[in-house]
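A.B. asks: I'd like to ask some things about the structure below.
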Amino acid sequence: MAKTRIAIVGLGKIARDQHVPALAASAAFELVGVASPHNKLDGVPSYGDMEALLQAVPHIEAVSLCTTPQVRYAAARFALQRGLHVLLEKPPGVTVSEVLALAALAGKNSAALFASWHSRHAPGVEPARAWLAGRNIRSVTVNWKEDVRVWHPGQTWIWQAGGLGVFDPGINALSILTRIIPSALVLKHAELRYPRNCETPIAASLMLADGNGAPARVELDFLYTGGPPQWDIDVDTDAGRLSLSKGGGEMRLDGEQVVGLSGQEYPGLYAHFAGLVRGRSSDVDISPLQLVADAFLCGQRKEVEPFVE
Ligand code: NAP
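Note that the working numbering has the sequence shown beginning at 18, numbered continuously upward.
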């Protein structure tokens, strides 16, 4: 079967680190172009914007939008209006209403829209979901802590409105949580800590509840210098404790590591997108973004020291 001709829009860190290698190894996609204001990819036709790219490179069928979140909606609209299939990096938009509008537009144009959550393709996530199905959950603890200066040096967009601050990594935890917990999660309380010189928070404490009222405490810290990053989720149930660590890469049951897990985030993500493209269908789950939006709706705001890179 012919490969789907795809272009990357926004050639930054995640595009180079993950999307380019995943597409190079993909049996379903062929990377035929790049649109990015400043960056070019060696050996692939590269243009400053999507309009120039589509004029120059024939028969592009799909785009992967790896831009900063603040420009994602306009790019996605432009592509969907031309009938292109669209993969959105996370977060799928700056607001929930943007993403709902894109889903409607995709349906109208019979294009596939994938609001991707890369962490959901980590090897421990589906096994965790399967193990938790039907269990009685007693409590959940999430610690998602890393040093932004190590993982996102110079990315000033994170601190501008719409850039999400600590929710840029924190939404990965929420994307896993909303996938593995069998009932819908509800946000009960949030405290958001804003550096005095930033428009987005650098740390947050959330309290959620599952459908049976079991508490889920989520601690997010973007200025964590206490050691290697913590990307951990613990779920206590009537049948014992399930733990995911390394962002869903490893799973333990009552402390015993589950071996033989397989899967890689971005190859898995593109395999899923390939199925959506074949069926011209969409996968748009806004629940992680909705929880973040709810935290901004009801969160108590605290001011903290200015952020220095
Ligand atoms: P980044 O390194 O700052 O790259 C963002 C890129 O967006 C820039 O290189 C810029 O291209 C491009 N861009 C900005 N405005 C554009 C426009 N109007 N049209 C086309 N391209 C535009 O950021 P990143 O770390 O790759 O993150 C990008 C997205 O991926 C974010 O939503 C982030 O949450 C997500 N993500 C990041 C990571 C990670 O570890 N970094 C992991 C998973 C997901 P030019 O440089 O050419 O101007």
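The beta-carbon is built from N, C-alpha and C at its ideal position, and this holds for glycine as well.
Keep in mind it's a predicted model, so treat the numbers as computed, not measured.
Pull up the distance between the alpha-carbon of A256 and that of I197, whole angstroms please.
C.D. replies: Sequence index remark: in the sequence shown, residue 256 carries index 239 (1-based). Sequence index remark: in the sequence shown, residue 197 carries index 180 (1-based). If I take the Cα positions, the gap works out to 16 Å.
A.B. asks: Tell me, please, which residues DSSP counts as bridged to N214.
C.D. replies: Taking the sequence shown and counting its residues from 1, the one referred to as residue 214 is at position 197. For N214, which the question treats as bridged, DSSP gives no partner whatsoever.
A.B. asks: Locate the beta strand (DSSP E) running through R89, then write down its first and last residues.
C.D. replies: Residue mapping note: residue 89 aligns to position 72 of the sequence shown, counting from 1. Here R89 belongs to no beta strand (DSSP E); instead the alpha helix (DSSP H) covers 89-98.
A.B. asks: Would you check if the distance between the CB atom of D302 and the CB atom of A145 is smaller than 8 Å?
C.D. replies: The residue labelled residue 302 in the question sits at position 285 within the sequence shown. The residue labelled residue 145 in the question sits at position 128 within the sequence shown. No. Outside cutoff.
A.B. asks: R89 and L105 look like a contact to me (Cβ under 8 Å); what is the Cβ gap, rounded to whole Å?
C.D. replies: On the sequence shown, position 72 is the one that residue 89 refers to. On the sequence shown, position 88 is the one that residue 105 refers to. Indeed they touch by this definition, with Cβ atoms about 6 Å apart.
A.B. asks: Which of the three DSSP states, helix, strand or coil, is assigned to E326?
C.D. replies: Taking the sequence shown and counting its residues from 1, one reaches residue 326 at position 309. Three-state result, E326: coil.
A.B. asks: Pair every Cβ in the region 196-216 with every Cβ in the region 142-161, then say whether three or more of these pairs are closer than 8 Å.
C.D. replies: yes
A.B. asks: For T254, which three-state DSSP category applies?
C.D. replies: Taking the first residue of the sequence shown as 1, we reach residue 254 at position 237. Residue state, collapsed to three classes: strand.
A.B. asks: To the nearest angstrom, report how far apart G50 and A24 are at their CA atoms.
C.D. replies: For the purposes of this step, residue 50 is taken as the residue at position 33 of the sequence shown. For the purposes of this step, residue 24 is taken as the residue at position 7 of the sequence shown. Straight-line Cα distance between these residues: approximately 5 Å.
A.B. asks: Check whether the region 96-103 and the region 77-87 are in contact - that is, three or more C-beta pairs closer than 8 Å.
C.D. replies: yes
A.B. asks: List the residues that DSSP assigns as beta-bridge partners of M268.
C.D. replies: On the sequence shown, residue 268 is found 251 positions in, with the first residue counted as 1. In DSSP, M268 forms a bridge with L261.
A.B. asks: Identify whether T173 lies in helix, strand or coil by the three-state DSSP scheme.
C.D. replies: Numbered from its first residue, the sequence shown carries residue 173 at position 156. Three-state result, T173: helix.
A.B. asks: Between the Cα of P246 and those of G264, D253, G230, L259, spot the shortest distance and give me the residue it belongs to.
C.D. replies: The residue given as residue 246 occupies position 229 in the sequence shown. Of the listed residues, the one whose Cα sits closest to P246 is G264.
A.B. asks: For E282 versus H135, is the C-beta spacing smaller than 8 Å?
C.D. replies: Your numbering for residue 282 matches position 265 in the sequence shown. Your numbering for residue 135 matches position 118 in the sequence shown. Their beta carbons are under 8 Å apart, which means E282 touches H135 by this criterion.
A.B. asks: Which residue wins for smallest C-alpha separation from L58, given the options P75, H36, L28, A96?
C.D. replies: Counted from its first residue, the sequence shown places residue 58 at position 41. Looking from the CA of L58, the closest CA among P75, H36, L28, A96 belongs to L28.
A.B. asks: Which ranges does the beta strand (DSSP E) cover as unbroken runs of at least 3 residues, wholly within the region 90-158, from first to last along the chain?
C.D. replies: 102-105, 130-132
A.B. asks: Between the region 219-230 and the region 152-165, are three or more C-beta pairs nearer than 8 Å?
C.D. replies: yes
A.B. asks: Is I25 near the ligand NAP - that is, is its Cβ less than 7 Å away from at least one heavy atom of it?
C.D. replies: Counting from 1 along the sequence shown, the entry for residue 25 is found at position 8. Not so, every heavy atom of the ligand NAP lies at least 7 Å from the Cβ.
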